[in-house]
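Trainee:
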Amino acid sequence: MKDLYEQGSKKDDILNALRILPFHPAMKRAVTSLQDRSKNTTFLCLSNSNEVYINTILEKHGLTSLFSQIITNPAHWNPSSPDHLIIGRRLPATEPPHGCTVGCLANMCKGDELDAYLAANGGKESYDKIVYVGDGGNDFCPLLRMREGDLICCRKGFELDERIKNEGKACGLKVDVKLWEQAWQIDE
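Next up, the structure:
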């Protein structure tokens with residue numbers, strides 16, 4: 014973000030670019046129809062992106078109220094340079110490392126974050142099924158914390174797909190895996 018700021022990008026340029034990012038209607042339909050069918054469905058956003066990006070995109074598509082919590086990296090506009098977006102780390106560099114050995118990035122162990130969220134909300138047993146949608150390599154760790162009968166909707170051909178194929182069995186992966194390539198497959 015510092016590079017964009019130094020190149021003259023303005024806050025509105027960044028926000029407008031986020032607002033026009035493609036968001037497939039089938040993906041939106043999948044989450045909203047699931048919420049409509051089952052009011053007990055809980056949505057958690059666990060992302061290595063940042064608050065400004067996620068909130069801007071969700072707001073644009075009318076999905077902000079869908080999520081019970083958004084766990085991501087902090088971000089804010091610099092008060093002294095209002096066009097400069099400052100992105101922080103979920104786990105600050107000044108804190109002890111999370112110690113994940115599965116390959117999470119230094120700023121966030123998604124497995125630890127999922128465990129903490131579940132513990133704060135009644136534990137895994139409070140949920141009939143956990144469904145996780147992901148595609149990045151750092152999405153592998155939380156899958157190892159999930160139970161038999163839970164589901165990962167994994168984007169085919171991306172890093173998570175490769176990690177599941179190459180490491181899943183050896184790591185004791187218990188979840189069911191559904192591969193998807195197009196958003197309409199999530200809507201099914």
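To convert, count from 1 in the sequence shown and add 13; that's our numbering.
Note that beta-carbon positions come from the ideal geometry of N, C-alpha and C, so glycine has one too.
1. Taking residue 43 as part of the alpha helix (DSSP H), name the residues at either end of that continuous run.
2. With DSSP as the reference, please indicate the residues paired to residue 90 in a beta bridge.
3. Residue 134 to residue 21, Cα distance in whole Å?
4. Along the chain, where does the beta strand (DSSP E) containing residue 56 start, and where does it finish?
5. By Cβ distance, which residues of its chain are closer than 8 Å to residue 88, with the 5 residues on each side in sequence left out?
6. Leaving out five residues before and five after residue 176 in sequence, what residues of the same chain have Cβ atoms less than 7 Å from its Cβ?
7. So, does the stretch 119 to 130 touch the stretch 46 to 55, judging by three or more C-beta pairs under 8 Å?
8. To the nearest angstrom, how far is the alpha carbon of residue 145 from that of residue 15?
9. Alpha carbon to alpha carbon, how far is residue 188 from residue 72? Give it in angstroms, no decimals.
Mentor: The answer reads as follows:
1. That run of the alpha helix (DSSP H) goes 38 to 50.
2. BP columns for residue 90 point to 98.
3. Cα to Cα, residue 134 sits roughly 43 Å from residue 21.
4. Where residue 56 is concerned, the enclosing beta strand (DSSP E) starts and stops at 56 to 63.
5. Cβ neighbours of residue 88 within its own chain (closer than 8 Å, five residues either side excluded): 63, 64, 65, 66, 98, 99, 100, 101.
6. Within the same chain, residue 176 has close Cβ partners 150, 153.
7. No, the stretch 119 to 130 does not touch the stretch 46 to 55.
8. Rounded to the nearest whole angstrom, the C-alpha separation of residue 145 and residue 15 is 32 Å.
9. So the alpha carbons of these two residues sit roughly 31 Å apart.
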